[in-house]
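Engineer: Here's a structure for you.
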Amino acid sequence: MTSSSDAPNEGANGNGHAGRYYGQGIPYLPLDQYPGKLIAIEGTDGVGRSTQIQLLREWLEVKGYGVIETGWTRSELMQPTIELAKSSNTLNKLTFVLLYATDFADRLEKEIIPALKAGFVVLSDRYIFTALARAGVRGVDRQWLRNLYGFAIAPHMVFYLNIDVKTLIGRVLESRGMDYWESGMDLKHGDDIYDSFRAYQQRLLKEYASMGDEFHFRTLDARRSIDRIQDELRKQVGIFLEPVEKAPEPAPKG
Amino acid sequence: MTFSLLHATDFADRLLYKIIPPLKAGMIVLADRYAYTAFARDATRGVDRQWVRELYSFAVRPDLALYFRVPIDVSVDRLMARRVKLKFYEAGLDLGWSANPLESFRLFQGKVLDEYDQLVQEFGMGVVDARGSITEQQRLVRHVISQHLNITHTVEKTDDELV
């Protein structure tokens, strides 16, 4: 194992080097200097992650990069199980956390690591920080969580789309509405989904913000227009992938 | 990793629904396998030992843990005598060490047993020699548990003594 000598017995924390495991890692999958790059886009529900990822992907592909996307709970192994578990009332915070971790482990082994080996740019729609934030808000021990995710790879870049609750509420109501889990209704703060959503997302945002320094978030103001956010993303990704090249062209205004 | 995490999820579910409530009610919970199985099996599959231990740090430490130790040959003979079809994961076939299920079982479970031997030391587990007869083993188990629970009256006679 290449990374354990750097950080023995430590879980996910900001000391991890990009492209290496945060903690003990997966002993049977040692990481070499793989040519691929892992870029995570984080942010709470409805903040505009998937739109930004789609635009970023198109731009990268036009520039000739191989791109794959991976997203939370999208593993072949776990997606049906997680959906089933969410629809029942038997999930508790611990099993919730562990199901997410299993999903992540499956995608890490089957999608992310192979793609990094093959030189792809991996765009991750959410990363472990969503799990850390959600579980943290639910009172799961933070050190235990960081140890649990010690098998995760530190991304080369983490973009955090930051938003305030008021703007977020407007956006979510305009699109698909508030859903049970995104409103933290399992925390039993009351029957009112609006109040619950506001309280829960407020706490989530605080939790995300508290991780910013620890995990080197590049924070972007998600209240700005899609194009302006995309410009900023492309600028930073461009500088990272092609340090010598001049500033990339701005996103087409539409 | 996913094998390890799925089992941990199952364990967490049983812990919170089936183990902790009866303990709170003052009942005795008999667990057929516990976190030690995961420690032995996951380590054999190449998962970091320390990571698995910390993963299971939410588990309740048992008041008493007994390990039924048996050599791999006895284990194989018993399974074969019952003509049990070896299960894919029990035989460690996922590891690709051997295409022959029996050979793979021997290799995999042999290593699992080595891991258990280390766990006995680490966690101070009581060891029961599982080569003996069921009656002998049961007598020993009852003795150990009686002592642990401070049951002072004579241990119930086993069936063969009553004959």
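Residue numbers (numbering that gives the first Met the number 0), protein chains in the order written: chain A, 0 to 253; chain B, 0 to 162. Virtual Cβ for every residue (Gly too), placed ideally from N, Cα, C.
(1) Answer yes or no: does any C-beta atom of chain B fall closer than 8 angstroms to that of Tyr27(A)?
(2) Which ranges would you report for the beta strand (DSSP E) in the stretch 122 to 152 of chain B if only whole runs of at least 3 residues count?
(3) Quick check on Lys110(B): buried or exposed, where buried means 16 or more other Cβ atoms within 10 Å of its Cβ?
(4) Does Thr1(A) have its Cβ less than 8 angstroms from a Cβ in chain B?
(5) Can you check which of these residues, Glu108(A), Leu107(A), Leu115(A), Leu98(A), is closest to Arg130(A) by C-alpha distance?
(6) Please tell me whether Gly149(A) has its Cβ less than 8 angstroms away from any Cβ of chain B.
(7) Hey, does Glu108(A) have any beta-carbon neighbour from chain B nearer than 8 angstroms?
(8) At what residues does the alpha helix (DSSP H) containing Ser254(A) begin and finish?
(9) For the structure I just gave you, are there three or more beta carbon pairs, one from the stretch 194 to 208 of chain A and one from the stretch 128 to 144 of chain A, closer than 8 angstroms?
(10) When you compare the CB positions of Leu167(A) and Gly47(A), do they come within less than 8 angstroms of one another, or not?
(11) State yes or no: is the C-beta of Asp4(B) within less than 8 angstroms of the C-beta of Thr101(A)?
(12) Does Glu75(A) come out as helix, strand or coil in the three-state DSSP assignment?
(13) Mind pulling the chain B residues with CB within less than 7 angstroms of Ala104(A)?
(14) What residues match up with Tyr88(B) in a beta bridge as DSSP calls it?
(15) So, at 7 angstroms on beta carbons, what are the nonlocal neighbours of Thr218(A) in its own chain, with the 5 sequence-adjacent residues on each side left out?
(16) Considering only residues of the stretch 139 to 186 of chain A, which uninterrupted beta strand (DSSP E) runs meet the minimum length of 3 residues and lie entirely inside it, listed in chain order?
(17) Does chain A have any CB closer than 8 angstroms to the CB of Trp96(B)?
(18) Can you pull out the residues from the stretch 41 to 56 of chain B whose beta carbon lies closer than 8 angstroms to at least one beta carbon of chain A?
(19) Taking C-beta to C-beta, are Ala129(B) and Gln136(B) nearer than 8 angstroms?
(20) Is there a C-beta anywhere in chain B that falls below 8 angstroms from the one on Thr129(A)?
(21) Taking a contact to mean a Cβ-Cβ separation below 8 angstroms, would you say Pro61(B) touches Tyr88(B) in this structure?
(22) Nearest-angstrom Cα distance between Gly189(A) and Ser195(A)?
(23) What is the rounded straight-line gap between the Cα of Ile27(B) and the Cα of Asp41(B)?
(24) Would you mind giving the Cβ-Cβ distance between Trp71(A) and Arg125(A), rounded to the nearest angstrom? I have them listed as a contact below 8 angstroms.
(25) Does chain B have any CB closer than 8 angstroms to the CB of His16(A)?
(26) Quick one: what does DSSP say Tyr20(A) is sitting in, helix, strand or coil?
(27) For a test of the three-state rule: what should DSSP assign to Gly237(A), helix, strand or coil?
(28) With three or more C-beta pairs closer than 8 angstroms as the rule, is the stretch 17 to 37 of chain A touching the stretch 136 to 155 of chain A?
(29) Does the separation of the CB atoms of Glu121(B) and Trp143(A) fall below 8 angstroms?
(30) Exposed or buried, which one is Leu93(A) when buried takes at least 16 other CB atoms within 10 Å?
(31) DSSP state of Leu4(B), grouped into three classes?
(32) In angstroms, rounded to a whole number, what distance separates the CA positions of Asp72(B) and Met124(B)?
(33) At least one CB of chain B closer than 8 angstroms to the CB of Phe239(A): is that the case?
(34) Please specify which runs of the beta strand (DSSP E), each continuous and at least 3 residues long, are wholly inside the stretch 25 to 76 of chain A, giving them in chain order.
(35) For Thr94(A), go through chain B and note every residue whose CB falls closer than 8 angstroms to its CB, in chain order.
(36) May I ask which residues mark the beginning and end of the alpha helix (DSSP H) holding Arg125(A)?
Structural biologist: Well, looking at it:
(1) yes
(2) 125 to 128
(3) buried
(4) At Thr1(A), the pLDDT of 38 sits below 50, so the modelled position is not reliable; the number obtained from the coordinates is stated separately. No, no contact with chain B.
(5) The question names Arg, but residue 130(A) in the sequence shown is Ala. Looking at the Cα atoms, Leu98(A) is the closest of the given residues.
(6) yes
(7) yes
(8) As displayed, chain A neither begins before 0 nor continues past 253, which places residue 254(A) out of reach and without an answer.
(9) yes
(10) no
(11) A small correction: the amino acid at residue 4(B) is Leu; Asp does not occupy that position in the sequence shown. For Leu4(B) and Thr101(A), yes; Cβs fall inside 8 angstroms.
(12) coil
(13) Met0, Thr1, Leu4
(14) None; Tyr88(B) has no bridge partner.
(15) Tyr159, Asn161, Gly211
(16) 156 to 161
(17) no
(18) Arg44, Gly45, Val46, Asp47, Gln49, Trp50, Glu53, Leu54, Ser56
(19) yes
(20) no
(21) no
(22) 7 angstroms
(23) 28 angstroms
(24) 4 angstroms
(25) no
(26) strand
(27) helix
(28) yes
(29) no
(30) buried
(31) helix
(32) 23 angstroms
(33) no
(34) 36 to 41, 66 to 70
(35) Thr8, Ala11, Asp12, Leu15
(36) Per DSSP, Arg125(A) belongs to no alpha helix (DSSP H) and is neither H nor E.
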